[in-house]
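**Student:** Below you will find the structure I want to go over with you.
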Amino acid sequence: MPVLSGERWQSSGATTTVTWSFATSNYASLKTQYSGYRDFSTSINSDFRDEIIAAFNAWEAVANIDFVQVADAASVNIRIGDYAIDGRAGPGGQSTLGQAHNWWSGTYYKAAQIVFDVDAYDSSADFYWTALHEIGHSIGLDHATFSTSVMYYLKTASSAATLTADDIAGVRAIYGAPGSGGTGGPTGDDYAANASTLGRVAVGGAVGGVIETGGDVDWFKVELTAGRAYRLDLKGKSSSQGTLEDPYLECFNAAGVKVDFIDDGGVGLDSSDIFRPVTTGVYYLAASSFEDDETGTYRLSVTDTSAPGGSAAVTTAAQNILRLSSNVQVSDLSSRVAAGSLSLSAAIGELVKAADATTSVARLSYQFFTGKIPGGPGLDYLVSPTGPNPNNLNSPYFQSFNLENRYINFAVNLGRDGEGKAAFQAEYGGLSLFAATKKAYGKIFGNTPEDTRVTALLSGGRDGYFASYGADGPNGQGTKAAMVGWLLAEAEKADLGIYARSNAAFLTDLADGAAYGVDLVGVYGQASFNYG
């Protein structure tokens, strides 16, 4: 689940209502009131507006939050504009593509601003993911651990095209699931009943809406591939996904010609069926009520059911690398490999990266403090969410930590209090924090650093930060163990040095079976892995 920032939009009723607008002008008072507030060079151009609306739509469909698009004004909750964030590099350049800025008092947001550098995109085709990501930040979500999540800190080859279960769990932890409200369209009124609609739904995603008057019809644009089998679901009162009594769904091609309709087939009066398009391209799904005089809320979703069940090789690799046979990321990678949209080697690379926050924490810490990594059963005890250890690395206790704090906490437990205590005391006990940092850096990265680098590493209050975790003084064993944990985290994040790169080589080998309980560096280390 994405880390929660700790702030949210305040609710005045059962549903949290958040206003948003496309910025049309600047407000000097806001620049004075909110530090860092951006001037907008221009408003978002029309090519990208639809994707932003669809992104608000997607978040609203999965949580009890109602986004209402309004005319631009200083009082709007979230304002969106175009800005050359760090210099305009142009399409294919290295510009920052989007940033969200939030201001809050206590635990509630007062204002938010999202800026996109739309000129840095080749087209709007890749923009939707960025819009989802930045809106997530603007409503209280920080970065996620899983690389498939929309809220992961960067877009990868395995990034999902729409919100994952991980993202949904995060936003629902803040605002709750949809049900008592928040199912209206993002514009706060009706979607058009023709191809001019601003409604969008992504394959694998869902959207909420409202049949506001008798005879109302809401159209949603979707892109489908010929020959695939898509399950179309329009849910209402029968499945507690809305209040619409008898949902009715029609499908139109790009020319506006009706090619299918669905009545019932789901739970109760909900509409559900498989649709197989004969041509690839744009389609429109029209949500309405079977009875012309009915009104109510609904949830529309599109699911590709034609992908094979998954790749056994990915499941095996996940079990070996993460000690997990299934989670959101594993299921997603399995489906992509099976569908041929992701190579097995790329999937294994994503699993290796995902291990940074779980099995690699234990593996690298044990390598440093004991000289070898744990065996399979020992690793299961340390990371398995279904094992006997309530404070395993997948437990709620560790899920609340960021990556650095996971390594620091684990290192302190192992090097100050645990199995590595005696060996660490013998080798580092007589050293100052400075000398211990210099020695540990050389061991972890492969080359001993200059004194100036060590000074920089411990500057800015970082030595005090380590001491706060060690709880035994500025040169205590716990303080030095915390320092080791931080160095391990930095090495693993950057994939630099003998420890991190030996670990990656081991995990890649482990994907289809390798020996546990080995000296990681002794078996997998290479001179080319050294850094610094």
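One point on numbering: in our numbering, the residue at position 218 of the sequence shown is 424, and numbering is uninterrupted. C-beta: ideal position from N, C-alpha, C; glycine also.
Compute the distance between the beta-carbons of Val-534 and Asp-372, then report whether it is under 7 Å.
**Tutor:** Here residue 534 refers to the residue found at position 328 when the sequence shown is read from its first residue. Here residue 372 refers to the residue found at position 166 when the sequence shown is read from its first residue. Their beta carbons are under 7 Å apart, which means Val-534 touches Asp-372 by this criterion.
**Student:** Kindly indicate the opening and closing residues of the alpha helix (DSSP H) around Gln-573.
**Tutor:** Along the sequence shown, one-based indexing puts residue 573 at 367. Gln-573 -> alpha helix (DSSP H) spans 565-576.
**Student:** Quick one, are the C-beta atoms of Ala-700 and Tyr-730 less than 7 Å apart?
**Tutor:** Residue numbering aside, residue 700 sits at position 494 when the sequence shown is read from its first letter. Residue numbering aside, residue 730 sits at position 524 when the sequence shown is read from its first letter. Cβ atoms of Ala-700 and Tyr-730: not closer than 7 Å.
**Student:** Who are the Cβ neighbours of Phe-616 in its own chain at under 8 Å, not counting the five residues just before and after it?
**Tutor:** For the purposes of this step, residue 616 is taken as residue 410 along the sequence shown, with counting starting at 1. If we look at Phe-616 and ignore the five residues flanking it on each side, its Cβ neighbours are Val-567, Ala-568, Ser-571, Leu-599, Gly-691.
**Student:** Run through DSSP, which three-state label would Glu-213 get?
**Tutor:** As a working mapping, residue 213 is identified with position 7 in the sequence shown. Three-state DSSP puts Glu-213 in coil, outside helix and strand.
**Student:** Can you list, in chain order, the residues of its chain with a C-beta nearer than 7 Å to that of Ile-250? Leave out the 5 residues immediately preceding and following it.
**Tutor:** Within the sequence shown, residue 250 is the residue found at index 44, counting from 1. Closer than 7 Å at the Cβ level, and outside the excluded window around Ile-250, lie Phe-228, Ile-258, Ile-286, Gly-287, Asp-288, Phe-322, Val-324.
**Student:** Provide the residue span of the beta strand (DSSP E) that contains Ser-477, from first to last.
**Tutor:** In the sequence shown, the residue the question calls residue 477 occupies position 271. Residue range 477-481 is occupied by the beta strand (DSSP E) that includes Ser-477.
**Student:** Tell me the DSSP bridge mates of Pro-505?
**Tutor:** Residue mapping note: residue 505 aligns to position 299 of the sequence shown, counting from 1. Strictly speaking, residue 505 in this sequence is Arg, with Pro absent from that position. Gly-414, Lys-441.
**Student:** Is the Cβ-Cβ distance between Ile-614 and Ala-561 less than 7 Å?
**Tutor:** Working through the sequence shown from its first residue, we reach residue 614 at position 408. Working through the sequence shown from its first residue, we reach residue 561 at position 355. No, Cβ-Cβ distance for Ile-614 and Ala-561 is not below 7 Å.
**Student:** Just how far apart, CA to CA, sit Ala-331 and Ile-320?
**Tutor:** The count along the sequence shown starts at 1 and reaches residue 331 at position 125. The count along the sequence shown starts at 1 and reaches residue 320 at position 114. In this prediction, Ala-331 scores a pLDDT of 49, lower than 50, which makes its location untrustworthy; the coordinate-derived value is nonetheless stated afterwards. Cα to Cα, the separation comes out at about 19 Å.
**Student:** May I ask you to list the residues that DSSP assigns as paired with Thr-223?
**Tutor:** Stepping through the sequence shown from its first residue, residue 223 is reached at position 17. Answer by DSSP bridge pairing, in chain order: Asp-272.
**Student:** So, Leu-744 versus Ala-399, is the Cβ gap smaller than 7 Å?
**Tutor:** One cannot answer for residue 744 here, as it falls past the ends of the chain, which runs 207 to 738.
**Student:** I think Ser-477 touches Leu-455, with their Cβ atoms under 8 Å apart; what is that distance to the nearest whole Å?
**Tutor:** For the purposes of this step, residue 477 is identified with residue 271 of the sequence shown, where counting begins at 1. For the purposes of this step, residue 455 is identified with residue 249 of the sequence shown, where counting begins at 1. Sure, about 5 Å apart at Cβ, within 8 Å.
**Student:** Tell whether a beta-carbon distance below 7 Å holds between Thr-336 and Val-282.
**Tutor:** Along the sequence shown, read from residue 1 onward, the residue named residue 336 stands at position 130. Along the sequence shown, read from residue 1 onward, the residue named residue 282 stands at position 76. Result no, Cβ atoms of Thr-336 and Val-282 do not sit closer than 7 Å.
**Student:** Hey, how far is the Cα of Thr-389 from the Cα of Ala-628?
**Tutor:** Start at 1 with the first residue of the sequence shown, and residue 389 comes out as number 183. Start at 1 with the first residue of the sequence shown, and residue 628 comes out as number 422. A caution first: Thr-389 carries a pLDDT of 39, below 50, which makes its placement in the model unreliable, though a value can still be read off. Rounded to whole angstroms, Thr-389 to Ala-628 spans 59 Å at the Cα level.
**Student:** Under three-state DSSP, which class holds Asn-283?
**Tutor:** Translated into positions along the sequence shown, residue 283 becomes position 77. Coil at Asn-283, not helix or strand.
**Student:** Between the C-alpha atoms of Ser-743 and Thr-485, what's the straight-line distance to the nearest angstrom?
**Tutor:** With the chain represented from 207 up to 738, any question about residue 743 goes unanswered, as that position is not in the structure.
**Student:** Whole angstroms is fine: what's the gap from Ser-386's alpha carbon to Asn-270's?
**Tutor:** Here residue 386 refers to the residue found at position 180 of the sequence shown. Here residue 270 refers to the residue found at position 64 of the sequence shown. With a pLDDT of 46 at Ser-386, under the threshold of 50, the modelled position of that residue is not reliable, and the figure given next carries that caveat. Looking at the two C-alpha atoms, the distance is approximately 7 Å.
**Student:** Would you report the Cα separation of His-307 and Ala-318, rounded to the nearest angstrom?
**Tutor:** Taking the first residue of the sequence shown as position 1, residue 307 is located at position 101. Taking the first residue of the sequence shown as position 1, residue 318 is located at position 112. For His-307 and Ala-318, the distance between alpha carbons rounds to 6 Å.
**Student:** Could you spell out where the alpha helix (DSSP H) holding Ser-708 opens and where it closes?
**Tutor:** As a working note, residue 708 is residue 502 in the sequence shown. For Ser-708, the enclosing alpha helix (DSSP H) begins and ends at 703-716.
**Student:** Around the Cβ of Lys-644, are there at least 16 other Cβ atoms within 10 angstroms (buried) or fewer (exposed)?
**Tutor:** Walking along the sequence shown from the start, residue 644 turns up at place 438. Buried is the call here.
**Student:** Which two residues bound the contiguous beta strand (DSSP E) that contains Ser-446?
**Tutor:** Translated into positions along the sequence shown, residue 446 becomes position 240. No beta strand (DSSP E) contains Ser-446, which DSSP labels as neither H nor E.
**Student:** Is the Cβ-Cβ distance between Ala-697 and Ile-650 less than 7 Å?
**Tutor:** By one-based count along the sequence shown, residue 697 stands at place 491. By one-based count along the sequence shown, residue 650 stands at place 444. Cβ distance < 7 Å, so Ala-697 and Ile-650 count as in contact.
**Student:** Can you name, in chain order, every residue of its own chain whose Cβ lies under 7 Å from the Cβ of Ala-677, other than the five neighbours on each side?
**Tutor:** Working through the sequence shown from its first residue, we reach residue 677 at position 471. Same-chain partners within the cutoff: Gly-684.
**Student:** Does DSSP put Val-558 in a helix, a strand or coil?
**Tutor:** Numbered from 1 along the sequence shown, position 352 holds the residue referred to as residue 558. Helix, per DSSP.
**Student:** Where does Arg-529 land, buried or exposed, given buried means 16+ other C-beta within 10 angstroms?
**Tutor:** Within the sequence shown, residue 529 is the residue found at index 323, counting from 1. Buried, because 16 or more other Cβ atoms sit within 10 Å of the Cβ of Arg-529.
**Student:** Would you give the residue range spanned by the beta strand (DSSP E) that Phe-607 belongs to?
**Tutor:** For this step, residue 607 is matched to residue 401 along the sequence shown. That residue, Phe-607, is in no beta strand (DSSP E); it is neither H nor E in DSSP.
**Student:** Is it true that the CB of Val-413 sits closer than 7 Å to the CB of Asp-187?
**Tutor:** This structure cannot settle anything about residue 187, because the visible part of the chain is limited to 207 through 738.
**Student:** Taking all protein chains shown into account, do 16 or more other C-beta atoms lie within 10 angstroms of the C-beta of Leu-539, making it buried, or fewer, making it exposed?
**Tutor:** Indexing the sequence shown from 1 puts residue 539 at position 333. That one is buried.
**Student:** If you reduce the DSSP assignment to three classes, tell me which class Leu-338 lands in.
**Tutor:** To locate residue 338, count along the sequence shown from 1; it is residue 132. Looking at Leu-338 - three-state DSSP - the assignment turns out to be helix.
**Student:** Touching or not, the region 631-642 and the region 666-682, by the rule of three or more beta carbon pairs under 8 Å?
**Tutor:** yes
**Student:** Specify whether the region 462-481 and the region 429-445 touch according to this definition: at least 3 beta carbon pairs, one from each stretch, less than 8 Å apart.
**Tutor:** yes
**Student:** Please classify Phe-254: is it buried, with 16 or more other beta-carbons within 10 angstroms of its beta-carbon, or exposed?
**Tutor:** On the sequence shown, position 48 is the one that residue 254 refers to. That one is buried.
**Student:** Which same chain residues, not among the five before or five after Gly-502, have their C-beta less than 8 Å away from its C-beta?
**Tutor:** Taking the first residue of the sequence shown as position 1, residue 502 is located at position 296. Within the same chain, Gly-502 has close Cβ partners Val-416, Ile-417, Gly-442, Lys-443, Gly-448, Thr-449, Leu-450, Glu-451, Ser-495.
**Student:** Considering only residues of the same chain and omitting the five flanking positions on each side of Ala-706, which have a CB-CB separation below 6 Å?
**Tutor:** On the sequence shown, residue 706 is found 500 positions in, with the first residue counted as 1. For Ala-706, where only same-chain residues beyond five positions count, the Cβ hits under 6 Å are Ala-697, Glu-698.
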